[in-house]
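What follows is a single structure, written as structure tokens, with notes after it.
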Amino acid sequence: VASAQEPIPKGENGVLTAAARHFSGDPKARASWITEQLGERPFLLLLDSLDEVALQSRLALVESINDAQARFPGLRVVVFSRPPVFNGSYGLRDIDAVVELPQLQCEQTDAAISKLIPDAERRAGLLALLKRYGLDRKATTPDGRCYYPHLSTYRDFFVVEKIAQNFQNSGANLPDQLEPSRARVYGFYLEVSLIKDMQGVAMKPSAAITLVDQLIDRANPTAGTRNLFFTVDQCLALAPGADVGEKKAICERLLQSSLFEKAPHSDDHWRLKNQSIYDYFLARHSDRAIAAGNGCTVVDERSSLFESNEVAGFLVGLAGGQRCLLPVVRQLCKAGGFAQHNFEQLDQGLPAGPSRKKLLDEAVRGMGDLVQPHLCVGATIDRLYKVGGGDTDPGDTPAPPPPGD
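With the sequence shown counted from 1, adding 495 to any position gets you our numbering.
Okay, here's the thing in structure tokens:
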């Protein structure tokens, strides 16, 4: 709709006009072309990745879809939601179906490793890394679906593979420890990526990540703000140092790094490359607020950022977020109840073994202070004990049934 070559006439429905022009090949076609072709027959509008549409554009898009449904009774709207975002409405008035795409099953992940890494040496390097840091842990859903918590999407797979490939190419030794939590893995991945990206400028990868943190803090993301845009000038205002030329070189190199991509239809705006990287930095944004003395009230105040429960998954792997594990679980339960995808994000986000048990013990002690303990909170924490405490096999402990409706 935004990139239409011919302006959409006032009063016309933007979404269906854009569709009519696409399918008819006529750049001046109107929405009525669709109904002329289909008559009274129903037709589907399939919506995917709505969460990645910038808020200011998303509101207009939703209004256009709602208007289309009112004008064309034969229109059926189906929303695809995929991990880690399961927000089914987005303000749409009438949705005929929401299709939740599950995470990758063990067999699919195993097949992807074999297909996408045909070189035996590279594949062995990845498998060694997975085993060394416990990233090859398996889990089982209540309906018997096997999945790897740390390799449950193709994006996760490419993140871990990039880490392994970097160490194989450089010949460097793997670190002695890498906590198998989503936040630690992504943080390490970003540093590995920036080693090469920031070569030639006076900034280390850790400092580059801090600069991105400052850009996020300055933008102060709020409810629904899941696509922020950045410019060189915004970066220059925050970059360290006094030499303007050096600062400009740093900002240009950072915005052209593998963390960012050019914003659509713009030559001077950049955005973070994918939603998982956004969510990682949104979690760091909240974690800093917790550490600054605002405490766990931050979780309640910014719970709207959990539109993607991946933000919560990253947050519980960071120091401040771990202190606020109980409020995070409570907010996820409040928003989505005992949902498998909420559990999966927490399971992937928390470290395994004794570290997890210690955090969960503290959360259980905190439950005694709740005025009205929620059944979902207790059930979620109980299951997190069983699958990640290092004592039992995930398949031995299916999830309890969802409370109520």
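For each residue, glycine too, the CB sits at the ideal point set by N, CA and C.
Just so you know, these numbers come straight off a predicted model, no measurement behind them.
Proximity below 9 Å, CB of residue i to CB of residue j
i      : j      : result
Ala787 : Arg797 : no
Gln672 : Gly620 : no
Leu870 : Phe838 : no
Leu804 : His836 : According to the sequence shown, residue 804 is Asn rather than Leu. Going by C-beta atoms, Asn804 is nearer than 9 Å to His836.
Arg677 : Gln840 : yes
Ile529 : Leu542 : no
Leu646 : Leu625 : yes
Ala514 : Arg566 : no
Leu554 : Gly506 : no
Inter-residue spacing [alpha-carbon to alpha-carbon] between residue i and residue j
i      : j      : result
Arg627 : Asn508 : 55 Å
Ala703 : Ile658 : 18 Å
Thr636 : Ala858 : 23 Å
Ile745 : Ala758 : 19 Å
Ile503 : Gly520 : 15 Å
Ile590 : Gln600 : 28 Å
Ala714 : Leu723 : 8 Å
Ser753 : Ser688 : 7 Å
Ser609 : Ile560 : 41 Å
Phe809 : Thr648 : 15 Å
Val573 : Pro675 : 36 Å
Met698 : Gly740 : 14 Å
Asp762 : Ile690 : 25 Å
Thr887 : Arg851 : Reliability of the predicted coordinates at Thr887 is poor, the pLDDT of 34 falling under 50, and the value obtained from them is presented with this limitation in mind. Approximately 14 Å between the Cα atoms of the pair.
Lys829 : Leu845 : 20 Å
Val727 : Gln751 : 10 Å
Lys743 : Leu731 : 6 Å
Leu749 : His760 : 20 Å
Val824 : Val680 : 21 Å
Phe725 : Leu533 : 43 Å
Leu733 : Ala834 : 40 Å
Gly682 : Arg588 : 38 Å
Gln660 : Val654 : 10 Å
Asp856 : Arg618 : 38 Å
Cys791 : Ala737 : 37 Å
Arg818 : Arg860 : 12 Å
Pro893 : Asp605 : Low per-residue confidence applies at Pro893: pLDDT is 35, beneath 50, and the placement is therefore not dependable, though the value from the model is reported in the following sentence. Taking the straight line from one Cα to the other gives about 23 Å.
Beta-carbon proximity list for residue i, same chain, < 8 Å, skipping 5 on both sides
i      : result
Gln826 : Val794, Asp795, Ser798, Phe801, Ala807
Glu602 : Cys641
Phe776 : Val707, Asp708, Ile711, Leu767
Leu685 : Pro700, Ile704, Leu754, Ile772, Tyr775
Met901 : It is not possible to answer for residue 901, since the shown part of the chain is limited to 496 through 900.
Pro716 : Leu723, Leu777, His780, Leu800
Arg536 : Gly569
Glu616 : Gln663
Three-state class that DSSP yields for residue i in the structure shown
i      : result
Asp891 : Low confidence applies here, because Asp891 scores a pLDDT of 34, under 50, leaving its location unreliable and the question unanswered by this model.
Thr792 : helix
Gly899 : Note that Gly899 scores a pLDDT of 35, beneath 50, so its modelled location is shaky; the value from the coordinates is reported in the next line. Correct three-state label for Gly899: coil.
Lys743 : helix
Ile503 : coil
Asp886 : Since pLDDT at Asp886 reaches only 39, below the 50 mark, its modelled position is unreliable, and the value read off the structure follows with that caveat. Coil, per DSSP.
Phe725 : strand
Tyr773 : helix
Tyr880 : helix
Ser484 : Summary: the structure shown does not reach residue 484, with the chain confined to residues 496 through 900, and so no result is reported for it.
Cys641 : strand
Cys819 : coil
Gln672 : coil
Limits of the unbroken beta strand (DSSP E) element including residue i
i      : result
Ser576 : 570-576
Phe538 : 538-543
Leu767 : 765-767
Tyr592 : The identity of residue 592 in the sequence shown is Ala, whereas the question assumes Tyr. Per DSSP, Ala592 belongs to the beta strand (DSSP E) from 592-595.
Phe755 : 755-757
Terminal residues of the alpha helix (DSSP H) in which residue i lies
i      : result
Phe838 : 835-844
Pro693 : It is Met, not Pro, that sits at residue 693 in the sequence shown. Met693 -> no alpha helix (DSSP H), and no H or E assigned at all.
Cys601 : 601-611
Lys633 : Per DSSP, Lys633 belongs to no alpha helix (DSSP H) and is neither H nor E.
Ala513 : 509-519
Ile529 : 527-533
Pro700 : 700-714
Val859 : 849-862
Chain-order list of residues whose beta-carbon lies under 6 Å from that of residue i (same chain, five-residue window excluded)
i      : result
Gly815 : Asp782, Ile785, Ala786
Leu820 : Val811, Leu854, Ala858
Arg516 : Pro522, Ala524
Glu656 : Leu621
Pro931 : Any answer about residue 931 is impossible in this case: the structure gives the chain only from 496 up to 900.
Asp692 : Ser752, Ser753
Pro908 : Residue numbering for the chain in the displayed model covers 496 to 900; residue 908 lies beyond these limits and cannot be assessed.
7 Å Cβ shell around residue i - same chain, five flanking residues per side excluded
i      : result
Leu570 : Phe538, Leu540, Ala563, Gln564
Ala592 : Val573
Gly639 : none
Pro644 : Arg632, Ala634, Glu839, Asp842, Gln843
Glu747 : Val727
Test: residue i CB closer than 9 Å to a CB of chain D
i      : result
Ala592 : Given the protein chain composition of this structure (a single chain), no chain D is represented.
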